[in-house]
Structures are given as structure tokens and as C-alpha cells.
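Reviewing the structure listed below.
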Amino acid sequence: MYVLTDQNNTYRCSLRGKFKNEFALKKDKLYLTNIAAVGDMVEFEVTNGNGGVIHSVEDRKNYISRKAPKVKGASYRGERLEQIIAANVDQIILISSVHEPEFNNKTLDRFLITSESAHIKSVIVINKSDLITNDEIKNWTDLYEDIGYPVIVTSAFTGYGIGELEKILPNNITLFWGQSGVGKSTLLNVIFPQLNLKIGDISESTRKGVHTTVTSIMIPVNETTFVIDTPGVREIDPYGIKKEDLSHYFRDFEEHLSNCKFNTCTHYHEPGCGVIDAVEKGDIAFERYDSYLRILDTIEEDLHF
Ligand code: GDP
Ligand code: ZN
1 MYVLTDQNNT YRCSLRGKFK NEFALKKDKL YLTNIAAVGD MVEFEVTNGN GGVIHSVEDR
61 KNYISRKAPK VKGASYRGER LEQIIAANVD QIILISSVHE PEFNNKTLDR FLITSESAHI
121 KSVIVINKSD LITNDEIKNW TDLYEDIGYP VIVTSAFTGY GIGELEKILP NNITLFWGQS
181 GVGKSTLLNV IFPQLNLKIG DISESTRKGV HTTVTSIMIP VNETTFVIDT PGVREIDPYG
241 IKKEDLSHYF RDFEEHLSNC KFNTCTHYHE PGCGVIDAVE KGDIAFERYD SYLRILDTIE
301 EDLHF
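Numbering of the sequence shown is given in the working numbering, commencing with residue 1 and proceeding in unit increments.
Listed below in C-alpha cells is the structure:
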């Protein structure tokens with residue numbers, strides 16, 4: 001069931017059965033778990049009151065996806081399905097926190113390369129800065145700023161950095177993305193108090209009857225500004241990235257790739273590797289290279305190109 005809005009109304013729609021079959025057979029995206037996704041522009045017909053049927057999904061400008069969580073029996077010949085998180089996004093705000101959960105650069109890198117592979121601009125937000133006394137996070141903010149990513153340090157509790165974050169939202173479709181518990185909903189509530197999103201840690205008793213977001217939702221802030229809130233995830237696996245392409249999504253590796261002796265270099269053990277040279281010279285941060293190797297190791301050979 002899809003919940004759609006036009007300027008004035010909200011409709012609960014299903015997919016036209018025939019269209020569903022046609023779409024599922026499209027060669028390029030054979031194993032999608034979701035046919036229409038948050039952010040899609042669709043044509044739909046109102047069939048009764050607030051109910052309707054989706055007839056078609058317009059071509060996407062872009063979309064961001066991940067490997068769907070493993071579900072027994074759902075994959076085809078052992079392959080993992082692609083789950084679209086959102087479509088037609090202008091920018092992605094990748095949120096992490098300094099503590100609870102602890103800042104984890106490897107997790108951030110997984111989100112970053114997923115955004116890079118979708119060719120969508122990302123901004124890094126590091127929240128809960130009220131939990132650190134000094135500039136404990138500065139090494140990380142410097143590292144990512146040097147690579148070229150905007151970094152905004154925030155505290156949803158004290159309001160630190162919120163103004164800076166607010167400034168980049170107008171006239172954009174912005175996806176708020178990150179691990180669960182980093183403060184996505186809290187930040188959105190501070191910026192848009194009218195949203196009144198549910199916060200993660202409220203006790204079981206007060207949670208009763210409160211609707212928990214299990215799918216992504218797109219929230220119209222005004223006619224030209226939209227934010228997409230995503231349910232918490234623990235970790236993401238990028239979908240559809242080949243081993244030989246991974247290094248292209250590490251922006252800081254890019255200028256060194258042409259120095260590799262072999263153009264099929266995976267920058268792991270090959271001789272004459274420009275990336276390894278750059279790590280040794282300190283031109284690429286070791287933490288990024290370490291992240292790269294971990295992701296390289298987990299990219300499964302289960303792709304169907
Ligand atoms: P989400 O899963 O990313 O949407 O995270 P929530 O917004 O539900 O927040 C998870 C927990 O972190 C809640 O207990 C919030 O009160 C807390 N939290 C959110 N922002 C901050 C912050 O800036 N500082 C501190 N100390 N805690 C925060
Ligand atoms: Zn190399």
C-alpha cells in the first residue's frame with residue numbers, strides 16, 4: 001500500500017496488477033523489492049474517496065538503494081534484492097553521532113559510498129556534540145572536510161549547528177539518513193516542530209498507540225521543500241557496486257587511480273599501486289584505506305549485470 005499526496009489530499013493507493021507484472025519484468029531492475037518508492041512521481045487514479053490505483057511510475061532522476069535485508073526464500077538463486085530507499089533526491093544528509101552510538105567512520109563510509117554511487121550530493125552531520133567536552137571530533141571533521149564533504153557538527157539538545165543545517169534545506173528534497181539512534185527524528189523535530197516525529201527511546205508504556213515509522217516518509221515542509229525521514233538501520237550494504245568500481249566512490253582516491261600500474265587494480269595487493277603509494281605518503285588517510293579494504297572484502301560476487 002502506498003500513501004500518496006497531491007497538493008491538497010492524501011490517498012491510499014495500490015499498484016495496478018498488470019503494471020506490477022510489467023514492471024517486475026523490466027530487464028534493468030529485475031529483482032527490485034519495491035516498485036514505487038518514496039520520492040517517486042506517479043500517475044494514479046482515484047477510485048473511491050481517498051483510495052486509488054497507481055498506473056505508472058515516472059523515470060527517476062536518481063535513486064538511492066541498498067541490498068535488502070536477507071529474507072529466506074526472497075532472493076533469486078542466492079542473489080540479494082535491491083531495496084530502494086528513496087528516489088529523486090537533491091541531497092542526502094548523512095547523520096552520525098559522537099556517542100550513543102559511538103562515531104564510526106567505517107559506517108559513515110558505507111553510507112558515503114552508497115550516496116556517491118547514486119551520484120547524489122551528501123552532507124555529513126555529526127550530532128550529539130553536547131556529549132563531548134572538547135574538540136574530540138575534530139580529527140574526523142578535518143578528514144572529511146579535506147576530502148571535500150561539508151561537515152556540520154550539531155546538538156539537537158543545545159541547538160548547536162542547527163542554524164547551519166537549516167540553511168541547506170529550503171528548495172530541496174533532502175533525505176535524512178543514518179544509523180538508528182543518532183538523532184534523525186530529534187533533529188527533524190527541532191527544525192520542524194510541527195512534524196512531531198516519534199523519538200526513539202521513549203518507554204514501552206508511553207509508546208503504546210504511537211505509530212512507529214517502519215518505512216520512509218516524505219514530509220512536505222512547504223511547496224518547494226521536502227524532507228524524507230528513514231527508519232533506523234543498523235548497517236547498510238551498498239547494492240550493485242563492483243569491486244573494480246569501489247575506489248571511484250572514495251573521492252580522495254580518485255586523483256591517485258591513474259598511477260596504478262594495472263587498470264584493473266583493486267588497490268589491495270597489486271604491485272605499483274597508486275593508492276597504496278598515496279596511503280604510504282600520507283596523501284590518503286589510513287582510516288579511509290582501511291574502510292575501503294573492509295568494504296571491498298564484503299562486496300559479494302552476487303551481482304547480475
Ligand atoms: P533516530 O533513530 O536517528 O531517529 O534517533 P532519535 O531522534 O530517535 O534519537 C535517539 C536518542 O538520541 C534519543 O534518546 C534522543 O533523545 C537522543 N538524542 C537525539 N539528539 C541528541 C543530541 O543532540 N544530544 C544528545 N545527548 N542526545 C540526543
Ligand atoms: Zn591500485
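Positions of the beta carbon are idealized from the N, C-alpha and C atoms, including for glycine.
All figures in this text were calculated on a predicted structure; none of them were measured in a lab.
Taking DSSP's pairing of strands, which residues face CYS13 in a bridge? TYR2, GLY52
Assuming GLY49 contacts CYS13 under a Cβ cut-off of 8 Å, what Cβ separation, rounded to an integer in Å, is found between them? Actually they are not in contact, since the Cβ atoms of GLY49 and CYS13 sit about 12 Å apart, beyond 8 Å.
May I have a chain-ordered list of the beta strand (DSSP E) segments no shorter than 3 residues that lie completely inside the stretch 199-278? 217-220, 226-229
Cutoff 8 Å; reference GLY209; Cβ partners in own chain excluding five residues on either side: Confidence is the limiting factor: at GLY209 the pLDDT is only 36, short of 50, which leaves the residue's position unreliable, though a coordinate-based value still follows. Result list for GLY209: empty, nothing under 8 Å.
Locate the beta strand (DSSP E) running through TYR63, then write down its first and last residues. 63-67
Considering only the beta carbon of each residue, do ASP40 and ASN8 sit closer than 8 Å? no
How long is the line joining the alpha carbons of ARG60 and VAL123, rounded to whole angstroms? 22 Å
Could you tell me the distance, in whole angstroms, from the CA atom of GLU255 to the CA atom of GLU116? 16 Å
Do ASP229 and PHE176 count as a contact pair if the criterion is CB distance below 8 Å? yes
Three-way DSSP call (helix, strand, coil) for THR154 in this model: coil
Quick one: residues with CB closer than 6 Å to any heavy atom of the ligand ZN, in chain order, please. CYS260, CYS265, HIS267, GLU270, CYS273, GLY274, VAL275
Which residues does DSSP pair with SER122 in a beta bridge? ILE92
Do the CB positions of THR10 and ILE64 come within less than 8 Å of each other? No, they are not a contact pair.
Alpha carbon to alpha carbon, how far is THR47 from THR298? Give it in angstroms, no decimals. 46 Å
CB of VAL57 within 8 Å of CB of LEU94, strictly: No; because the gap between Cβ atoms is not below 8 Å, this pair is not in contact.
Is any non-hydrogen atom of the ligand GDP found closer than 7 Å to the C-beta of PHE226, if you look at the structure I gave you? Not one heavy atom of the ligand GDP sits closer than 7 Å to the Cβ of PHE226.
Hey, out of THR133, VAL190, GLN83, whose CA is closest to GLY240's CA? It is GLN83 whose Cα lies nearest to the Cα of GLY240.
Reference LYS167; option with closest CA among VAL3, ILE191, LYS281: ILE191
Measuring CA to CA, which of ILE92, ILE284, ARG110 is closest to ASN62? ILE92
I want to check one thing, is the minimum distance from the CB of PHE157 to the heavy atoms of the ligand GDP below 7 Å? Result yes, Cβ under 7 Å from the ligand GDP.
Contact check, SER216 vs VAL42, beta carbons under 8 Å: no
Give the straight-line distance between the Cα atoms of SER203 and TYR149, rounded to the nearest whole angstrom. Low local confidence applies: a pLDDT of 37 at SER203 is under 50, so the model's placement there is unreliable, with the coordinate-based value given in what follows. Computed Cα separation, rounded: 36 Å.
Using the rule of at least 16 other Cβ atoms within 10 Å of the residue's Cβ for burial, across every protein chain shown, is ASP302 buried or exposed? Reliability fails at ASP302, whose pLDDT of 48 lies under 50, so the model's placement of it is uncertain and the value that follows must be treated cautiously. It counts as exposed.
Name the DSSP bridge partner or partners of ILE147? Under DSSP, ILE147 takes part in no beta bridge, so it has no partner.
By alpha-carbon positions, which one of LEU257, GLY183, ASP6 ends up nearest to ASN222? Nearest C-alpha to ASN222: ASP6.
Compute the minimum distance between the beta carbon of SER14 and the heavy atoms of the ligand NAD, and state whether it is under 7 Å. This structure lacks the ligand NAD; the ligands present are the ligand GDP and the ligand ZN.
Consider the C-beta atom of ASN127 and the heavy atoms of the ligand GDP; say whether any pair is separated by less than 7 Å. yes
Apart from the five residues just before and just after HIS269, which ones in its own chain have a Cβ nearer than 7 Å to its Cβ? none
Per DSSP, what are the beta-bridge partners of ALA87 in this structure? TYR63
DSSP state of SER129 mapped onto helix, strand, coil: helix
Cα-Cα separation, VAL98 to ASN259: 36 Å
Which term fits ASN196, buried or exposed, when burial requires 16 or more other beta carbons within 10 angstroms of its beta carbon? exposed
Closest residue to THR225 among ARG110, PRO170, ARG251 (Cα-Cα distance): PRO170
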